[in-house]
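Undergrad: First the structure, which I've put down as structure tokens, then a few questions once you've had a look.
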Amino acid sequence: MSIKYTESPPKDCSKKGQNNLLHHLKSNRKLFISLSGLIFSLLFISVLLWLFLHPNNPKFYLKDLSSFNSTISTTFISKNPNSHASIYYDNLHAYLAYAGVQISPDVALPPFNQGELDSDILSANLVSPTSRQPASGTAIKLTSLNLKIEGNLRWKVGPWVSGWYKLEVNCMTMQISRPGMPVPASSVQEAECSTNL
Numbered sequence: 526m527s528i529k530y531t532e533s534p535p536k537d538c539s540k541k542g543q544n545n546l547l548h549h550l551k552s553n554r555k556l557f558i559s560l561s562g563l564i565f566s567l568l569f570i571s572v573l574l575w576l577f578l579h580p581n582n583p584k585f586y587l588k589d590l591s592s593f594n595s596t597i598s599t600t601f602i603s604k605n606p607n608s609h610a611s612i613y614y615d616n617l618h619a620y621l622a623y624a625g626v627q628i629s630p631d632v633a634l635p636p637f638n639q640g641e642l643d644s645d646i647l648s649a650n651l652v653s654p655t656s657r658q659p660a661s662g663t664a665i666k667l668t669s670l671n672l673k674i675e676g677n678l679r680w681k682v683g684p685w686v687s688g689w690y691k692l693e694v695n696c697m698t699m700q701i702s703r704p705g706m707p708v709p710a711s712s713v714q715e716a717e718c719s720t721n722l
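What the sequence shown shows, in this note's numbering, is residues 526 to 722, in sequence order.
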């Protein structure tokens with residue numbers, strides 16, 4: 526009697542390593558395509574959000590600048606031109622500069638929040654260490670002053686709040702001096718300021 530084997534004949538194992546390698550390559554390829562698609566989608570969404578929600582710089586206007594002796598009183602308006610982002614201001618200080626040199630000590634301005642399309646009026650009393658007397662015999666003398674505001678701001682878009690950005694505002698104004706007046710009485714009003722971040 527012969528013995529019948531019920532086991533199947535042995536498989537050819539020479540191709541087993543190749544099949545495993547192909548299987549790993551296919552699964553790694555699927556993983557790579559999935560991760561690449563996810564990263565591309567996130568980048569695309571980020572670019573779209575940046576294009577639609579990119580906040581514009583705030584605008585500052587010098588409303589009034591009046592002086593008496595060595596005290597200069599300033600009033601300026603801060604406008605948020607964004608309809609989708611509010612602004613947090615912090616560490617603001619204002620000072621006067623003449624010919625690129627700071628002529629008044631820093632005056633701290635209170636921190637404040639500015640909502641979408643909001644305007645706020647800020648004022649500061651700046652003290653110049655010396656009063657500038659017009660030269661005798663001159664009919665009219667123009668003095669160019671720069672009101673500078675420096676500080677930090679953050680953007681708030683929905684629930685997201687950005688990091689701090691350095692804010693620099695420069696308002697240039699011309700003051701008119703006349704003989705018999707100890708100091709300029711007023712300046713050009715409603716001057717737009719340059720804003721840099």
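Yeah, the Cβ is synthetic: ideal placement off N, Cα and C, and Gly gets one too. Owing to the predicted nature of the structure, the values given are computational and were not obtained by experimental measurement.
When you compare the CB positions of residue 588 and residue 622, do they come within less than 9 Å of one another, or not?
TA: Cβ distance not < 9 Å, so residue 588 and residue 622 don't count as in contact.
Undergrad: Considering only the alpha carbon of each residue, which of 637, 590, 688, 613 lies closest to residue 651?
TA: Considering only alpha carbons, the answer is 590.
Undergrad: DSSP beta-bridge partners for residue 594?
TA: Answer is none; residue 594 lacks a bridge partner.
Undergrad: If I measure Cβ to Cβ from residue 633 and keep anything under 6 Å in the same chain, skipping five residues before and after, which residues do I get?
TA: So the list reads 618, once near-sequence residues are dropped.
Undergrad: Taking only three categories from DSSP, how would you classify residue 616?
TA: If DSSP states are grouped into helix, strand and coil, residue 616 belongs with the strands.
Undergrad: According to DSSP, is residue 575 part of a helix, a strand, or is it coil?
TA: Note: residue 575 maps to helix in three-state DSSP.
Undergrad: Within 10 angstroms of the Cβ of residue 678, are there 16 or more other Cβ atoms? Answer buried if so, exposed if not.
TA: Residue 678 comes out buried.
Undergrad: Output yes or no for whether 9 Å exceeds the beta carbon distance between residue 644 and residue 600.
TA: Against a cut-off of 9 Å, the Cβ pair of residue 600 and residue 644 comes out as no contact.
Undergrad: Buried or exposed, going by whether 16 or more other CB atoms sit within 10 Å of the CB of residue 658?
TA: Here residue 658 scores only 45 on pLDDT, less than 50, and its place in the model is too uncertain to base an answer on.
Undergrad: Under 8 Å from any heavy atom of the ligand FAD, does the C-beta of residue 586 make it?
TA: Among the ligands in the structure shown, none appear at all, so the ligand FAD cannot be discussed.
Undergrad: Return helix, strand or coil for residue 605, following the three-state DSSP convention.
TA: The answer is coil: DSSP assigns residue 605 none of H, G, I, E or B.
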